[in-house]
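Chemist: Pasting in a structure now, in structure tokens, and then I'll have a few things to ask.
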Amino acid sequence: MSIINNIQNNTIDSLRALYNKSFTEKDFQVNQTKPEFEGDYTVVMFSLLKALQLSPDVIGKQLGEHLIKSYPEIYTGYNIIKGFLNLSVADDYWINLLYKNYNDICYGKKEMNGKKVMVEYSSPNTNKPLHLGHLRNIFLGWSYAEILKANGYQVIKSCIVNDRGIHICKSMIAWQRFANGATPQSTGIKGDHFVGDYYVKFNDAYKDEVAQLIATGKTKEQAEKEAPIMKATQQMLLDWENGKPEVMELWKKMNSWVYEGFDFTYKNIGADFDKVYYESDTYLLGKDIVKQGLEKNVFYKKDDGSIWINLQADGLDEKIVQRSDGTSVYITQDIGLALQKYEQYKIDQSIYVIGNEQNYHMKVLQLISKKLGMPNAENIYHLSYGMVELTTGKMKSREGTVVDADDIVDEMITTSKQHTEALGKVQDFTKEELQDLYKTIGMGAMKFYLLRVDPKKTMVFNPAESIDFHGFTGPFVQYTYARIKSILRKLETADTALNQQQLTNSGLLKLEKELIIAAEQYPIVLEQACTEHNPSLIANYIFNLSKTFNSFYSEHSIAKAETEEKKYVRVKLAMFTANIIKSSMQLLGIAVPERM
RNA sequence: GGUCCGGUAGCUCAGCUGGAUAGAGCAUCAGCCUUCUAAGCUGAGGGUCAUUGGUUCGAAUCCAAUCCGGAUCACCA
Numbered sequence: 001m002s003i004i005n006n007i008q009n010n011t012i013d014s015l016r017a018l019y020n021k022s023f024t025e026k027d028f029q030v031n032q033t034k035p036e037f038e039g040d041y042t043v044v045m046f047s048l049l050k051a052l053q054l055s056p057d058v059i060g061k062q063l064g065e066h067l068i069k070s071y072p073e074i075y076t077g078y079n080i081i082k083g084f085l086n087l088s089v090a091d092d093y094w095i096n097l098l099y100k101n102y103n104d105i106c107y108g109k110k111e112m113n114g115k116k117v118m119v120e121y122s123s124p125n126t127n128k129p130l131h132l133g134h135l136r137n138i139f140l141g142w143s144y145a146e147i148l149k150a151n152g153y154q155v156i157k158s159c160i161v162n163d164r165g166i167h168i169c170k171s172m173i174a175w176q177r178f179a180n181g182a183t184p185q186s187t188g189i190k191g192d193h194f195v196g197d198y199y200v201k202f203n204d205a206y207k208d209e210v211a212q213l214i215a216t217g218k219t220k221e222q223a224e225k226e227a228p229i230m231k232a233t234q235q236m237l238l239d240w241e242n243g244k245p246e247v248m249e250l251w252k253k254m255n256s257w258v259y260e261g262f263d264f265t266y267k268n269i270g271a272d273f274d275k276v277y278y279e280s281d282t283y284l285l286g287k288d289i290v291k292q293g294l295e296k297n298v299f300y301k302k303d304d305g306s307i308w309i310n311l312q313a314d315g316l317d318e319k320i321v322q323r324s325d326g327t328s329v330y331i332t333q334d335i336g337l338a339l340q341k342y343e344q345y346k347i348d349q350s351i352y353v354i355g356n357e358q359n360y361h362m363k364v365l366q367l368i369s370k371k372l373g374m375p376n377a378e379n380i381y382h383l384s385y386g387m388v389e390l391t392t393g394k395m396k397s398r399e400g401t402v403v404d405a406d407d408i409v410d411e412m413i414t415t416s417k418q419h420t421e422a423l424g425k426v427q428d429f430t431k432e433e434l435q436d437l438y439k440t441i442g443m444g445a446m447k448f449y450l451l452r453v454d455p456k457k458t459m460v461f462n463p464a465e466s467i468d469f470h471g472f473t474g475p476f477v478q479y480t481y482a483r484i485k486s487i488l489r490k491l492e493t494a495d496t497a498l499n500q501q502q503l504t505n506s507g508l509l510k511l512e513k514e515l516i517i518a519a520e521q522y523p524i525v526l527e528q529a530c531t532e533h534n535p536s537l538i539a540n541y542i543f544n545l546s547k548t549f550n551s552f553y554s555e556h557s558i559a560k561a562e563t564e565e566k567k568y569v570r571v572k573l574a575m576f577t578a579n580i581i582k583s584s585m586q587l588l589g590i591a592v593p594e595r596m
């Protein structure tokens, strides 16, 4: 049980004993005491005054005395300032906590709870390579899936690949017309970039054709509709839907190039999936559901044959679920897939990591699912994240300001190499060890940078800041870990009798206690990150823990502690910190080096 | 126009289920390496928490209005 829980329970019990009144933990707040006051944790008494009809001084005194008397193993002192009851917690309490947990690599994690959750993240189109926005999505989804696991859930990581549609046909048409049979192999260009280049070529050619048509006197709308390359693309989509062999073959070939490229990137950044869905398999799903919905009068048919749902009673609008020509729209397949996920895996929760531009769409999806009475409708959760912008504004593919995922990853690794070489600390590393280290640090910086911000907020990507390895960064935390491991290695060889030290009680120094208190909070943070769908809580926490350790480290020597007993405590403290850093960074997808 | 999200230090962000004098990092300035890794530590300056009103013992936090920025409201996905 956490210290805060203890204080809440003890306070409730004491108040009942003292005043014969019942309170819950919601009736008063327990905070960490501000550094300028004496004490470790504080009970805020203002909210109790009315119910008890007593002054804060009286309540504080009686409550403080009662707590010390009833729980001497926890509370050693108190003081009252205005309505704040500041409690001092016994050093033994902290030391026991330290000894109990310092070597537990599962500290903070929960037992399996029997619940199954699917987390869908990274839903790429197969006509363009991944970019910075995808990275935020992928890191977020992956990390949140790991946070769920640490909180006792069974997790299925999934991905839906948007591998069909008009946008895919665009790159296919462009390849047919402009490639002269070129392939990623023949050009040496990574498959997803290769295909993406033809998508760009399509748009260039399309723009030219539109301009020419306008020059002949057509309006812009006419020109956009009539441009031959666009017509060819639309024809290709029809051919695809009819399964025309040469179109299918080209489609398969070009997608396979893209997948090869994606696989490389996913592997490079440490993303993985348990189940991959393809839109080409799922786009027809949902039509049966539409039919059933029509019978149940959830949907209705307009005169032209199109099928709709009216969501006006829920504050939304009418929404089409099937076109007049009988084909399905985006939302239709999503309804189908939502049901399929449930039926295939019997999941208790279905989480979608998707950008906030689709907030409306996801709201509609959930609402329709509910109205259809789908079993999992209540448990659909949209983990909505904000866009990544540049210091110069939004990323726009048309203006070529999109930051490519592979490029930025390479850049981070190169930068970490330069920093590391400049510091000259790891000259005895082998080539392979160096490569590993550069990647660990570069990826650590990148992931931490994208994960440290509250997911739902739009964030600004500042290139100079992202490659900074000082302060609130991944490498700062990694460095803290490496320093601890360095100390522990030396002590291991120097002093094997360390574990035999007996402990008397000589009290904890301020920074020692601060560090234990910070470590004690990890399980709460881990749980909070889960319930709030927010990995940034972990990033913020682990930075704070690392900072606390670094202050402690510079102030007090571990190896040359004042006494053997102090040394013993500090070694445990260092191990505790290192274990928490390692396991929490793992939840962010960030590795920590033994040396750097 | 409707709906949703946001506005906190020069910049990037915490804090938002109301609590003590609003915090970090970067940048700027001043210190600290013969002592466990200086990718570190210590300190200084820097704020009308968008504005106005309300709720109360107490508001960056809750409510209302206003201003500014963004997203979305397709027989696109």
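Mapping to the working numbering: the first sequence position 195 is 195, numbers consecutive.
Every residue gets a Cβ at the ideal spot worked out from N, C-alpha and C, and that includes glycine.
(1) Would you mind sorting T619 into buried or exposed? The rule is 16 or more other CB atoms within 10 Å of its CB.
(2) Reducing DSSP to helix, strand and coil, say where Q235 ends up.
(3) Can you give me the Cβ contacts of N113 inside the same chain, cut-off strictly under 7 Å, excluding the 5 residues immediately before and after it?
(4) Just the C-alpha distance for I524 and A205, rounded to the nearest angstrom, thanks.
(5) Please determine if the stretch 513–527 and the stretch 454–466 are in contact, where contact requires at least 3 C-beta pairs separated by less than 8 Å.
(6) Note down, in chain order, each residue of its chain lying with its Cβ closer than 8 Å to the Cβ of E111, except the 5 sequence neighbours on either side.
(7) Runs of 3 residues minimum, wholly inside the stretch 87–169: which ones carry the beta strand (DSSP E) assignment?
(8) Keeping to the same chain, check which residues put their C-beta closer than 6 Å to that of Y259; ignore five residues upstream and five downstream.
(9) How big is the Cα-Cα spacing for L450 and V276?
(10) Taking C-alpha atoms, which residue in Y71, V388, D104 lies nearest to S610?
(11) What is the C-beta distance between A145 and K128, in whole angstroms, given that I count them as a contact (C-beta under 8 Å)?
(12) State buried or exposed for P35, treating a residue as buried only when at least 16 other CB atoms are found within 10 Å of its CB.
(13) Please work out which residues of its chain come closer than 8 Å, Cβ to Cβ, to T496, disregarding the five sequence neighbours upstream and downstream, and give them in chain order.
(14) State buried or exposed for H382, treating a residue as buried only when at least 16 other CB atoms are found within 10 Å of its CB.
(15) Once the 5 residues before and after Y102 are set aside, which same chain residues still bring their CB inside 6 Å of it?
(16) Relative to the C-alpha of L526, which residue among V321, F461, C106, L63 is closest?
(17) Apart from the five residues just before and just after H470, which ones in its own chain have a Cβ nearer than 8 Å to its Cβ?
(18) Name, in chain order, the residues that DSSP records as bridge partners for S384.
(19) Judging by CA-CA distance, which residue of W240, L213, I147 is the nearest neighbour of H167?
(20) Taking DSSP as the reference, what is the three-state secondary structure of N345?
(21) Would you kindly work out how many angstroms separate the C-alpha atoms of N180 and I173, rounded to a whole number?
(22) Does the beta-carbon distance from K447 to G589 come in below 7 Å?
(23) Suppose you measure from the CA of G77 to the CA of Q32; what does that come to, to the nearest Å?
(24) Taking the alpha-carbon of M118 as reference, which of M236, I269, H134, V155 has the nearest alpha-carbon?
(25) Runs of 3 residues minimum, wholly inside the stretch 205–255: which ones carry the beta strand (DSSP E) assignment?
(26) So which of F549, D208, F552, R570 has the shortest CA-CA distance to A559?
(27) My understanding is that H131 touches M395, with C-beta atoms under 8 Å, so please give their C-beta distance in whole angstroms.
(28) Could you tell me the alpha carbon to alpha carbon distance between G270 and M387, rounded to whole angstroms?
(29) Rounded to whole angstroms, how far is the Cβ of E226 from the Cβ of L238, which I believe are closer than 8 Å?
(30) Considering only the alpha carbon of each residue, which of F543, K510, F549, A578 lies closest to F37?
(31) Using only the alpha-carbon positions, how far apart do I351 and R136 sit?
(32) Grouping DSSP H, G and I as helix and E and B as strand, with all else coil, what is S324?
(33) Within the chosen definition, does the stretch 314–324 reach the stretch 92–99 through at least 3 CB pairs nearer than 8 Å?
(34) Excluding the 5 residues flanking T430 on each side, which residues of the same chain have their C-beta closer than 7 Å to its C-beta?
(35) Rounded to whole angstroms, what's the CA-CA distance from A518 to K296? Just pull it up for me.
(36) For a test of the three-state rule: what should DSSP assign to Y78, helix, strand or coil?
Modeler: Let me spell this out:
(1) Since the first and last residues shown for the chain are 1 and 596, residue 619 lies out of range.
(2) Locating residue 235 in the first sequence gives position 235, where the first residue counts as 1. Correct three-state label for Q235: helix.
(3) Here residue 113 is taken as the residue at index 113 of the first sequence, counted from 1. If we look at N113 and ignore the five residues flanking it on each side, its Cβ neighbours are G152, Y153.
(4) In the first sequence, counting from the first residue as 1, residue 524 sits at position 524. In the first sequence, counting from the first residue as 1, residue 205 sits at position 205. Straight through space, the alpha carbons of A205 and I524 are spaced by roughly 56 Å.
(5) No, they do not touch.
(6) In the first sequence, residue 111 corresponds to position 111, counting from 1. Closer than 8 Å at the Cβ level, and outside the excluded window around E111, lie G152.
(7) The beta strand (DSSP E) runs lying completely inside the stretch 87–169 and spanning 3 residues or more are 116–120, 154–161, given in chain order.
(8) For the purposes of this step, residue 259 is taken as the residue at position 259 of the first sequence. Within the same chain, no Cβ atom closer than 6 Å to the Cβ of Y259 is found once the five residues on either side in sequence are excluded.
(9) The residue given as residue 450 occupies position 450 in the first sequence. The residue given as residue 276 occupies position 276 in the first sequence. Straight-line Cα distance between these residues: approximately 24 Å.
(10) Any question about residue 610 goes unanswered here, given that the chain covers just 1 to 596.
(11) Position 145 of the first sequence holds residue 145. Position 128 of the first sequence holds residue 128. Between A145 and K128 a beta carbon distance of about 24 Å is seen, past the 8 Å cut, so the two are scored as non-contacting.
(12) Against the first sequence, residue 35 aligns to sequence position 35. A residue is called buried once 16 or more other Cβ atoms fall within 10 Å of its Cβ, and P35, having fewer, is exposed.
(13) Along the first sequence, one-based indexing puts residue 496 at 496. Bear in mind that the predicted position of T496 carries a pLDDT of just 49, short of 50, making it too unreliable to give a figure here.
(14) Translated into the one-based positions of the first sequence, residue 382 becomes position 382. Of the other Cβ atoms in all chains shown, 16 or more fall within 10 Å of the Cβ of H382; this residue is therefore buried.
(15) Position 102 of the first sequence holds residue 102. Cβ-Cβ distances below 6 Å link Y102 to K572, M575, F576 in the same chain, with the five nearest sequence neighbours on each side left out; the list follows chain order.
(16) For the purposes of this step, residue 526 is taken as residue 526 along the first sequence, with counting starting at 1. Taking only the C-alpha atoms, the option nearest L526 is C106.
(17) In the first sequence, residue 470 corresponds to position 470, counting from 1. Non-local beta-carbon contacts of H470 in its own chain, meaning distances under 8 Å to residues more than five positions away in sequence, involve F476 in chain order.
(18) Along the first sequence, read from residue 1 onward, the residue named residue 384 stands at position 384. Residue pairing from DSSP places S384 in a beta bridge opposite I354.
(19) Counting from 1 along the first sequence, the entry for residue 167 is found at position 167. Taking each of W240, L213, I147 in turn and checking the Cα distance to H167, the smallest one comes out for W240.
(20) As a first step, residue 345 must be located in the first sequence, where it is residue number 345. It should be noted that the sequence gives Tyr, not Asn, for residue 345. If DSSP states are grouped into helix, strand and coil, Y345 belongs with the helices.
(21) Against the first sequence, residue 180 aligns to sequence position 180. Against the first sequence, residue 173 aligns to sequence position 173. Linking N180 to I173 through their CA atoms gives a straight-line distance of about 12 Å.
(22) Mapped onto the first sequence, residue 447 falls at position 447. Mapped onto the first sequence, residue 589 falls at position 589. Yes, these two residues count as a Cβ contact at 7 Å.
(23) What you label residue 77 is simply residue 77 of the first sequence in a count that begins at 1. What you label residue 32 is simply residue 32 of the first sequence in a count that begins at 1. Linking G77 to Q32 through their CA atoms gives a straight-line distance of about 15 Å.
(24) The sequence position of residue 118 within the first sequence is 118, counting from 1. M118 has its Cα closest to that of V155, out of M236, I269, H134, V155.
(25) None, since the stretch 205–255 contains no complete beta strand (DSSP E) of that length.
(26) In the first sequence, the residue the question calls residue 559 occupies position 559. Nearest C-alpha to A559: R570.
(27) Numbered from 1 along the first sequence, position 131 holds the residue referred to as residue 131. Numbered from 1 along the first sequence, position 395 holds the residue referred to as residue 395. So it is a contact: roughly 7 Å between Cβ atoms.
(28) Sequence index remark: in the first sequence, residue 270 carries index 270 (1-based). Sequence index remark: in the first sequence, residue 387 carries index 387 (1-based). M387 has its alpha-carbon roughly 22 Å from the corresponding atom of G270.
(29) For the purposes of this step, residue 226 is identified with residue 226 of the first sequence, where counting begins at 1. For the purposes of this step, residue 238 is identified with residue 238 of the first sequence, where counting begins at 1. Their Cβ separation, rounded to whole angstroms, is 17 Å, which puts E226 and L238 out of contact at 8 Å.
(30) As a position in the first sequence, residue 37 is number 37, starting the count at 1. The option with the nearest alpha carbon to F37 is K510.
(31) On the first sequence, position 351 is the one that residue 351 refers to. On the first sequence, position 136 is the one that residue 136 refers to. Here the alpha carbons of R136 and I351 stand approximately 16 Å from one another.
(32) In the first sequence, counting from the first residue as 1, residue 324 sits at position 324. Coil.
(33) Under the 8 Å Cβ criterion, the stretch 314–324 does not count as touching the stretch 92–99, having fewer than three qualifying pairs.
(34) Translated into positions along the first sequence, residue 430 becomes position 430. No residues qualify anywhere along the chain.
(35) Here residue 518 refers to the residue found at position 518 of the first sequence. Here residue 296 refers to the residue found at position 296 of the first sequence. Each residue's CA atom was taken as its position, placing A518 and K296 some 56 Å apart.
(36) The residue given as residue 78 occupies position 78 in the first sequence. Note: Y78 maps to strand in three-state DSSP.
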